[in-house]
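Below is one structure, written out as structure tokens, with a few remarks after it.
2 protein chains.
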Amino acid sequence: MVSAMKDVKGAPLADTAAFRLGRLGALAADRFTARIAAHGVKPKHVALLAALAAGGAESQQDLAGVLRVAPSLVVGLADRLEQLGAVRRERDPVDRRRQVLSLTEAGHTLLAQCTADAHAVDAELLDGLSGKAKETLRATLAEIADRHGLSI
Amino acid sequence: MVSAMKDVKGAPLADTAAFRLGRLGALAADRFTARIAAHGVKPKHVALLAALAAGGAESQQDLAGVLRVAPSLVVGLADRLEQLGAVRRERDPVDRRRQVLSLTEAGHTLLAQCTADAHAVDAELLDGLSGKAKETLRATLAEIADRHGLSI
DNA sequence: AAGAATCATTCAGAGTGAGAATGATTCTGA
DNA sequence: TCAGAATCATTCTCACTCTGAATGATTCTT
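Chains as they are written, first to last, in the numbering used here: chain R, 3 to 154; chain V, 3 to 154.
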């Protein structure tokens, strides 16, 4: 029964985008983490800043949704960013349960620095790829993120 | 000083491949993790199986290098896989300090199942992209991984 | 006005991984 | 040949991150 003969090597695990994204994502995250440590923040802090800059999410509850983390986690992130003077935290006068976060001038600066760090990681991570390949990659990642509701 | 006027929005953080890889990597990893849980393993177990299948790493020390984790972590991974009957663990007769791991028939089967899971995650993660875009993405990720010594 | 729902916060606990200490084995050099 | 250094696997402790369950304050509903 020749038809029962199967490939010795089917498409390897490493050929899947899922697995590679996991590995490369961890690599990228590690490098980004190392760079932004100089500013006293971690990726989740930066994500929160970016979410604020993007608009559409002000309350900690909303931010938890955008970042896809538990609301209780946002408390600590906001604590830290407030301590750094990067965000303001004010009770919503209309609904005093809500904490409304907003970027300060220092927050914008911090976000810009971290964005520069991300670009630096890009440069070393994508080094060797053609400019076109880089563009295509960014566009494809953006589309995938978009399709899965990852605004940030 | 018109030249001092800076963009209100420079290239956003989300435009970097680094940041998106981190986010999408986590997303992909979560979904992959959920699927393979049915087989009683986690991504690191699968990575170990894949590393064995790829060849070139037999000892736990070598595997730790390939997986980029501490050797102490490999112990638990190998314990679990051995318990599942997916790997054999034998002392190297030439150097009895080394544990030589090898895939059993069940190990090959398990890896194949997990690879199928990864393909399933690919399907839903990349849904909507053109076939060409998927191919380009996989190739680009492969190249990046390669350039950074990520054999697995 | 009372009870349900919502938001932020605190707290306890699970999960993950690194690094130091240990023991067994092998290597090195005199 | 032998003593000390080096290597490998293992165990154990610790730090870190995150979630989910209380809790209290406030708002919504009827």
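Built from N, CA and C at the ideal position, the CB exists for glycine as well.
Counted within 10 angstroms of its Cβ, other Cβ atoms place residue i as buried (16 or more) or exposed
i, result
"R:Val-43", "buried"
"R:Thr-78", "First, the amino acid is wrong: residue 78 of chain R is Gly here, not Thr. By the neighbour-count rule (16 or more Cβ atoms within 10 Å), R:Gly-78 is not buried but exposed."
"R:Ala-39", "exposed"
"R:Val-89", "buried"
"V:Ala-125", "exposed"
"V:Ala-13", "exposed"
"V:Lys-134", "exposed"
"V:Ala-36", "exposed"
"V:Pro-95", "exposed"
Residue i vs residue j beta-carbon contact at 8 Å
i, j, result
"V:Val-76", "V:Leu-65", "yes"
"R:Val-102", "R:Ser-61", "yes"
"V:Gly-24", "R:Phe-21", "no"
"R:Leu-29", "V:His-150", "yes"
"R:Leu-127", "V:Ala-19", "yes"
"R:Gly-155", "R:Ala-108", "The structure shown does not extend to residue 155 of chain R, since chain R is modelled only from 3 through 154, so no value can be given for it."
"R:Leu-69", "R:Ile-146", "no"
"R:Leu-26", "V:Leu-143", "yes"
"R:Thr-138", "V:Thr-138", "yes"
"V:Asp-155", "R:Arg-140", "Summary: the structure shown does not reach residue 155 of chain V, with chain V confined to residues 3 through 154, and so no result is reported for it."
"R:Gln-85", "R:Pro-73", "no"
"V:Ala-80", "V:Arg-91", "yes"
"R:Ala-59", "R:Pro-45", "no"
Residues bridged to residue i (per DSSP)
i, result
"V:Glu-92", "V:Val-102"
"V:Ser-61", "V:Val-102"
Three CB pairs or more closer than 8 Å across the segment 105–118 of chain R and the segment 46–60 of chain R: Yes: the two stretches touch, three or more of their Cβ pairs being nearer than 8 Å.
Inter-stretch contact (C-beta, 8 Å, three-pair minimum) for the segment 89–103 of chain R and the segment 121–129 of chain R: Contact fails: fewer than three Cβ-Cβ distances are below 8 Å.
Start-end ranges of the alpha helix (DSSP H) lying completely within the segment 18–90 of chain R, minimum 4 residues: DSSP assignment within the segment 18–90 of chain R yields the following whole alpha helix (DSSP H) runs of 4 residues or more, N-terminal first: 19–38, 45–56, 62–69, 73–85.
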